[in-house]
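In this note's numbering, the protein residues as written are 11 to 113.
Okay, so here's the structure we're looking at.
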């Protein structure tokens with residue numbers, strides 16, 4: 011997971027809309043995607059599919075191991091001048107997290 015949403019209590023959260031997008035791309039034919047995920051219909055409306063996608067959280071705190079991509083931009087004060095203008099930003103990638111999704 012690259013750049014996960016940070017949810018309740020600082021834990022990463024995988025949105026249901028992202029899960030729906032992955033599920034839609036995994037469908038082998040368009041009819042499957044429309045049945046499970048929904049489809050656009052005339053008049054700009056949308057017909058929902060038979061599945062509902064809820065977000066997911068890690069099942070344990072092991073997601074805190076092997077974090078990569080902690081972002082702390084330092085170019086301005088290391089390269090351009092000695093004035094620090096920004097702090098750290100939350101941007102992490104998780105290495106193979108186990109997630110549980112709401113139902």
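Glycine residues also receive a C-beta, built at the ideal position from the N, C-alpha and C atoms.
What you are looking at is a predicted structure, and each value in this text was computed from that prediction instead of being measured.
(request) Could you check what DSSP says for residue 17 in three-state terms: helix, strand or coil? (result) Residue state for residue 17 is assigned as coil, using DSSP reduced to three classes.
(message) With distance defined between alpha-carbon atoms, name the residue in 59, 36, 60 and 66 nearest to residue 18.
(response) For the options 59, 36, 60 and 66, the alpha carbon positioned closest to that of residue 18 is the one of 66.
(request) Give every residue of the same chain whose Cβ lies closer than 8 Å to the Cβ of residue 109, excluding the five residues on either side of it in the sequence, and list them in chain order. (result) 24, 66, 67, 68 and 69.
(request) In the DSSP assignment, find the unbroken alpha helix (DSSP H) run with residue 30 in it and report its ends. (result) Unbroken alpha helix (DSSP H) run through residue 30: 26 to 36.
(request) Pull up the distance between the alpha-carbon of residue 57 and that of residue 103, whole angstroms please. (result) Their backbone Cα atoms lie some 34 Å apart in a straight line.
(request) Let me know the secondary structure DSSP gives residue 52 once reduced to three states. (result) When secondary structure is reduced to three states using DSSP, residue 52 falls in the helix class.
(request) Report, in whole angstroms, the separation of the C-beta atoms of residue 32 and residue 46, which I expect to be a contact under 8 Å. (result) By a beta-carbon distance limit of 8 Å, residue 32 does not contact residue 46. Their separation comes to about 12 Å.
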